[in-house]
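Numbering (my numbering), first residue to last: -4 to 138.
Laid out in structure tokens, this is it:
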């Protein structure tokens, strides 16, 4: 069975017609497929892809963090200095009225959090959304 067929059979796609490109590496704003063909990455993706794939400063920060620990519970159980510092900096930049920061693991969780916040703030259950657009993989983000 080809890599493409394995992908289509066993992994969840987010569109009806996935590109199914066999990507071997990414650098900056480019993706490199099997065979060396270069593509401009207009989808970007998760994490830090908005600063380019394999950005040296991001790689350095990850390596520094790996020397300390890989993962801890992030939902208010342990005080983590970098997280507290980032929250403070974000709050300061946002200005008055933005004293809290809600860190999440994914875009789906961010969408869910925004839905809950909008419903709580307005008291209304209805949400305006874009039809046939990807907002995440959780039940709330999909609806």
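The C-beta atom is built at its ideal place from N, Cα and C for all residues, glycine as well.
**Study point:** Paired residues, beta bridge with residue 35 - DSSP
**Key:** Paired residue(s): 25.
Exercise for review: May I have the straight-line CA-CA distance separating residue 4 from residue 79, to the nearest angstrom?
Suggested key: 42 Å
Review point. How big is the Cα-Cα spacing for residue 23 and residue 53?
Key: C-alpha separation (whole angstroms): 12 Å.
Review point. Expressed to the nearest angstrom, what Euclidean distance is found between the alpha-carbon atoms of residue 14 and residue 8?
Key: 10 Å
Review point. Leaving out the 5 sequence neighbours to the left and right, which residues in its chain are closer than 6 Å to residue -1 when beta-carbon positions are compared?
Key: The beta carbon of residue -1 lies closer than 6 Å to those of 15 in the same chain, with the five residues before and after it left out.
Check your understanding: According to DSSP, which residues form a beta bridge with residue 20?
Key -> Answer is 27, bridged to residue 20.
Point to revise | CB of residue 135 within 8 Å of CB of residue 110, strictly | key: yes
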